[in-house]
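Worksheet: the structure to be examined is printed underneath.
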Amino acid sequence: MTEAQPTLDDYRDVAPPGTIDSLRRLSERVRGRRLVNVSASREVGGVAEILRGLVPLLEEVGVESAWETLDQDGPTPGTAIAAPLHRALQGSEERLPVEVLDELRDFTRERATTMDVDGDVVMTHDALPTGLVEARPQEGVWVWRCHLDVSRPQRRAWTFLRQYVVKYDAAVFSLPAFAQRLPIPQFLIHPAIDPLSDKNRELAPADVDAILARLGVPRDKPILLQVGRFDRFKDPLGVIEAYRLVKRQCDCRLVLVGGAESDDPEGAELTADVLDAASRDRDLHVLDLPPTARLEVNALQRAATIVFQKSTREGFGLGVAEAMWKSKPVIGGFAGGITTQIVYGVTGFTVNSVEGAAFRARQLLADPALCARVGAAGREHVREHFLITRHVGDMLALMATLLG
Amino acid sequence: MNGRAARTPFHFLGCWELCEMLGRRVYDERELLEHLEEVPLDSIYFHTHSVFLRARVLPGGYPNDFATWAAIQVRDRVLGEKLGIIDPQEMPDLEALRTELVSLIDDHLAHLGSVPRVIFGEPFYFMQSRILEIPTGRKVRTLAELREALAEVDIASVYVHVVEARGRKGRRRNDFAAWIDEQLGLPDLAAAVARLNPSTSGLEDVRRRLLRLCDDTLEDR
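Chains as they are written, first to last, in the working numbering: chain Z, 1 to 404; chain B, 405 to 625.
Written out as structure tokens, the structure reads:
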């Protein structure tokens, strides 16, 4: 079912007071200007999810907003070609064949001849469309928006991308740790969640009950939850270890929502280990849900007593904000954007070990008042910093700054 | 007197902050010192003033990013405490604030055998602020109207008129104090408002105290 697109006024009840009026006033500086976003895909991935929410809201406040994608004429090999580059940029040790870079170069050169990217501001997202800058027209400000964790990229991958990035007028990263040595201004814009989307909107308790029943997760004891791909950086096995330490003292269930990427052999092996652990424990549930199961993830987060995001490496980790928005205490790994979202001891706990995760989970399970206090503070923290309305404002401020 | 209308109304401004990264990161206190000597003043401002705009909850309760980093990431609580007590409002300008920060860290390091650095924590990332002012369209002429508006405006308005007014625009006192004195002729209230400082407990507390001061004056008259 397609979600109805909310208008800016629909966010008045959830955004901080005065935000919507501020956005409307701020937008006056760039009203009538044209913003062109270029991403790999309209359907797949986190960037598409972000732009699906942002583009209509920017349009509503008077920014002429276009969204071009490299797959608009149907599926292309581009995404598959870019996948190893993305992994290399995020620090994977997988070898990056030179043919991949040649293919990417040819792909973007060919696309550049057919795409309409005339705008006052043109923003390309992530690696695949970066090379379009070579065909940029004289007019317009070009911005490269990087959503990837490029804090420790493979040198060859970054060198390849950097030759294009330096031709932009500015770059935008999600965290200060991702900033690079570049001769262009670099701005910080955190990603954000859409509180009115199916993944985050309010759900009636009866709906939560029904969804959990359908998923086969009983609600007879506290639920610990982690949502995230099964790869070693998300550390699902570490979460299972922590759960076992917790369970020695507090009866509870663990729900792991995730699965392996189809092209990730390491992830498949990890999934087998997770499933093996689950097969021997009736209180350990492994749910492999499709990316469209937004309501299901929403319901699971609402049903959980504690949410884990025990990553050892993380881009931004918006799952933390999603859980905090539902007033859940979050125990997160000391990695990436998790440390930005969790104010230690106030909006949750960051931990550096399995034992740390277990210790904090035990502490929270034993103290419902602490759970409530941390959950409430987390929700307010998200309201202030990680809602889509703030993202809209940052985009308007960026445009106003770059256009002068 | 409490109904006195100002000839020039008070126009509430709001703001939006865009954060720019300078691509400078430091791992120890010596590097922090060296970069502090070089970074643009807008970066000093970002880490000592607009921190209140970004953080309702100050990590560890420290009122600037340098103190927070030293105490929490480097785990050098002594330096964190020394940096935490620096009050930007007591400095004539940002250059003087830079000098104070540099000399304090330099003195601290002179008394140590080795340079403290992050081991388990995160490096310090230098940033700078781009503050875009936004007219709110709200204007007031009396103390009662000011009080009413103060209770309702976005906290960014309090930031613009209290912190930005002095920190970046270099005004002798904050905008509320100046207007209350010059337009409403209430020097005692203006003096009390001029003393308001977010360093200890943040912007919402400044708003609360401002409202209380307005209420007290309105009741007395």
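Backbone N, C-alpha and C define an ideal beta-carbon position, used for all residues, glycine too.
On the DSSP bridge list, what partners appear for residue i?
| i | result |
| --- | --- |
| GLN226(Z) | LEU256(Z), PHE308(Z) |
| LYS486(B) | LYS486(B) is not bridged to any residue. |
| MET425(B) | GLN186(Z), MET531(B) |
| THR69(Z) | SER39(Z) |
| THR124(Z) | VAL38(Z), TRP144(Z) |
| GLY393(Z) | The partner list for GLY393(Z) (beta bridge, DSSP) is empty, contrary to what the question assumes. |
| HIS285(Z) | VAL255(Z) |
| LEU387(Z) | ILE193(Z) |
| ASP432(B) | ARG521(B) |
| LYS543(B) | HIS415(B) |
| LEU536(B) | TRP420(B) |
| TYR64(Z) | What sits at residue 64(Z) in the sequence shown is Glu, not Tyr. DSSP output for GLU64(Z) lists ARG34(Z) as bridge partner(s). |
State the CB to CB distance for the pair residue i and residue j, rounded to an integer number of angstroms; the pair is presumed to be in contact (CB under 8 Å).
| i | j | result |
| --- | --- | --- |
| THR389(Z) | THR19(Z) | 5 Å |
| ALA299(Z) | LEU212(Z) | 6 Å |
| ALA66(Z) | VAL36(Z) | 5 Å |
| LEU215(Z) | GLU296(Z) | 6 Å |
| PRO16(Z) | GLU384(Z) | 6 Å |
| VAL246(Z) | ARG362(Z) | 6 Å |
| VAL478(B) | PRO539(B) | Not quite, the Cβ-Cβ distance comes to about 42 Å (not below 8 Å), so this is no contact. |
| LEU387(Z) | PRO195(Z) | 6 Å |
| LEU89(Z) | VAL150(Z) | 5 Å |
| ALA192(Z) | GLY427(B) | Going by Cβ atoms, the distance from ALA192(Z) to GLY427(B) rounds to 24 Å, so no, they are not a contact pair. |
Which chain B residues sit within Cβ distance under 8 Å of residue i?
| i | result |
| --- | --- |
| ALA323(Z) | Those within 8 Å of ALA323(Z) in chain B number zero; the least Cβ separation is about 18 Å. |
| LEU182(Z) | GLY427 |
What in chain Z is Cβ-close to residue i, meaning under 7 Å?
| i | result |
| --- | --- |
| LEU422(B) | PHE187, ASP394, ALA397, LEU398, THR401 |
| ILE538(B) | SER22, ARG25, LEU26 |
Which residues in chain Z sit within 9 Å of residue i, going by Cβ to Cβ distance?
| i | result |
| --- | --- |
| PHE524(B) | PHE334, ASN352 |
| GLY418(B) | GLY18, ASP21, SER22, ARG25, LEU26 |
Which chain Z residues are close to residue i, counting only those with a beta carbon under 8 Å from its beta carbon?
| i | result |
| --- | --- |
| TYR529(B) | PRO176, ALA177, ALA179 |
| ARG479(B) | Correct list: empty, because the minimum Cβ distance to chain Z is about 13 Å. |
Please list the partners that residue i has in chain B, where partner means a Cβ-to-Cβ separation under 9 Å.
| i | result |
| --- | --- |
| GLY337(Z) | Those within 9 Å of GLY337(Z) in chain B number zero; the least Cβ separation is about 12 Å. |
| PHE433(Z) | The structure shown does not extend to residue 433(Z), since chain Z is modelled only from 1 through 404, so no value can be given for it. |
For a contact meaning CB atoms closer than 7 Å, what does residue i contact in chain B?
| i | result |
| --- | --- |
| THR159(Z) | The premise fails here: THR159(Z) is roughly 17 Å from chain B at the closest Cβ pair, so nothing lies under 7 Å. |
| LEU35(Z) | Going along chain B, no residue has its Cβ under 7 Å from LEU35(Z), so there is no contact; the nearest lies around 15 Å. |
Is the CB of residue i under 8 Å away from at least one CB in chain D?
| i | result |
| --- | --- |
| ARG534(B) | The chain inventory of the structure shown lacks chain D, comprising the protein chains Z and B. |
Notebook entry, point to check: Which of the residues in the region 216 to 250 of chain Z, read from start to end, lie with their CB under 8 Å from any CB of chain B?
Noted result: none
Notebook entry, point to check: Mind pulling the alpha helix (DSSP H) runs of 4 or more residues that sit fully within the region 169 to 217 of chain Z?
Noted result: 205 to 215
Check: Residue ranges of each alpha helix (DSSP H) run of no fewer than 4 residues wholly in the region 327 to 372 of chain Z, ordered along the chain?
Finding: 338 to 341, 354 to 366
Notebook entry, point to check: Using Cβ-Cβ distances below 7 Å, what residues of the region 574 to 598 of chain B are close to chain Z?
Noted result: none
Next item on the list: Determine which residues of the region 536 to 561 of chain B have a Cβ less than 9 Å from any Cβ of chain Z, and write them out in chain order.
Entry: LEU536, ILE538, PRO539, THR540, GLY541, GLU556, VAL557, ASP558, ILE559, ALA560, SER561
Checklist line | Sequence ranges, beta strand (DSSP E) only - wholly within the region 550 to 618 of chain B, length at least 3 | finding: none
Next item on the list: Return the residues of the region 598 to 616 of chain B that lie within a Cβ-Cβ distance of less than 9 Å from chain Z, sorted by chain order.
Entry: none
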